[in-house]
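Participant: Positions 1 to 179 (the UniProt record's numbering) are the ones given, in order, by the sequence shown.
By construction, the Cβ of each residue, glycine as well, lies at the ideal position given by its N, Cα and C atoms.
Keep in mind the model is a prediction, meaning the values are calculated, not measured.
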Amino acid sequence: MGLFSPAPYHILGYGTLLGTTVFHTFVGGIVSFQVLPRPQFAALMSKLFPIYFSLQAALPAVLALTYPARQNPFGARGGVAGVLDRANRWTVLAPLAGAFVCALANLAVVGPATTRVMGERKQQERKDGKKAYDAPPHSQEMVALNKRFSMLHGISSLLNLGSLVAAVVYGVTLSSRLS
1 MGLFSPAPYH
11 ILGYGTLLGT
21 TVFHTFVGGI
31 VSFQVLPRPQ
41 FAALMSKLFP
51 IYFSLQAALP
61 AVLALTYPAR
71 QNPFGARGGV
81 AGVLDRANRW
91 TVLAPLAGAF
101 VCALANLAVV
111 GPATTRVMGE
121 RKQQERKDGK
131 KAYDAPPHSQ
141 EMVALNKRFS
151 MLHGISSLLN
161 LGSLVAAVVY
171 GVTLSSRLS
């Protein structure tokens, strides 16, 4: 083993994927929302999300590249060939691909769309003289923007949950290789 083996990088990559996802989902995001005023929270998240989603997308690829082979000569192959091996389709490929696709969707489509709607809401707030999160009534334009923001935020949250579930499922597979 050692520095030239993919195994330590695989474990470090998995730990980083699971750790960042759990921390951001259940600690960092929630505490930031509770402590920061909404404009600062929105500014913070608009800077953190691209980094976070990039990590969530890159790390499953790192895990595929560093997938360790079995110690015995008759076991599954390592690297991408091992991930694509028929025996690993549901236990390795599916969770890694699922985590990657969910994160990539957040990075490339849902996250930017959510940020655009946030900008549109800010412009509408100036026109209306009222914050998007103030008590109703709101202009029809703000109601539509709030609805679109809620939908995109919900989709992003579901995609993030998909990445988390996929990482945990893969962790069960990975742990079975340790015994």
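Could you tell me which of I155, L104 and P39 sits nearest to A132, measuring between CA atoms?
Facilitator: On the sequence shown, position 132 is the one that residue 132 refers to. Considering only alpha carbons, the answer is P39.
Participant: To the nearest angstrom, how far is the alpha carbon of L84 from that of L18?
Facilitator: Along the sequence shown, read from residue 1 onward, the residue named residue 84 stands at position 84. Along the sequence shown, read from residue 1 onward, the residue named residue 18 stands at position 18. If I take the Cα positions, the gap works out to 22 Å.
Participant: Using the Cα positions of N72 and L174, report the straight-line distance between them to the nearest angstrom.
Facilitator: Taking the first residue of the sequence shown as position 1, residue 72 is located at position 72. Taking the first residue of the sequence shown as position 1, residue 174 is located at position 174. Interpretation of N72 is limited by its pLDDT of 49, a score under 50 that renders its predicted location unreliable; no figure is taken from the coordinates.
Participant: Using 8 Å for Cβ pairs, my map puts G13 next to V62. What's the rounded Cβ distance?
Facilitator: The count along the sequence shown starts at 1 and reaches residue 13 at position 13. The count along the sequence shown starts at 1 and reaches residue 62 at position 62. About 4 Å separates the two Cβ atoms, so the contact holds.
Participant: Note the first and the last residue of the continuous alpha helix (DSSP H) segment covering Q160.
Facilitator: Taking the first residue of the sequence shown as position 1, residue 160 is located at position 160. At residue 160 the sequence reads Asn, which differs from the Gln that was named. That run of the alpha helix (DSSP H) goes Q140 to S176.
Participant: According to the neighbour-count rule (16 or more other Cβ atoms, all chains shown, within 10 Å of its Cβ), is S163 buried or exposed?
Facilitator: Position 163 of the sequence shown, counted from the first residue, corresponds to residue 163. The residue in question, S163, is buried, as its Cβ has 16 or more Cβ neighbours within 10 Å.
Participant: Does the stretch 32-46 come close enough to the stretch 94-107 to have 3 or more Cβ pairs within less than 8 Å?
Facilitator: No, they do not touch.
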